[in-house]
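If you read the sequence shown in the numbering used here, its first letter stands for residue 29, the second for the next number, and so on.
We put the beta carbon where it would ideally sit given N, CA and C, even for glycine.
Here is the structure we will look at.
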Amino acid sequence: MVPPNVIIIANGDPIHKSSNETSLGKIKNLSSNLENLFKFLDDKMDTVLEKRQKEFLSAYQRHMVEVQEELLNLKRRANEKEINNQSDDKFQTKGGQNR
């Protein structure tokens, strides 16, 4: 049980209420340290998030270029088949007329 004139802080060090100035200084110091740590972590998270977003957008852009190339390739192949089919139809029509 902690005596009523003692406060236990996060690092486990007891602070006696009679030493208020020292206690207040330690608390302010710890508070400042926590704020600095939170700011550092927030900045680090922003940096990581920004990096991940850039990586994602780059990968997405590469993927979309591949999809576009594939669509163009399929369109070209479909057009070639259509031209071949039209040529075959003309050939068959002319071949039937010569008989």
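One alpha carbon belongs to Lys-54, the other to Leu-69, and they sit about 22 Å apart.
Straight across, the Cα-Cα distance linking Asn-64 with Glu-83 is about 28 Å.
Residues of the same chain with a CB within less than 6 Å of the CB of Glu-98, apart from the 5 flanking positions on each side, do not exist. A straight-line Cα-Cα distance of about 42 Å links Glu-78 and Ala-106. Counting only runs that start and end inside the region 81 to 109, there is no alpha helix (DSSP H) element of at least 4 residues.
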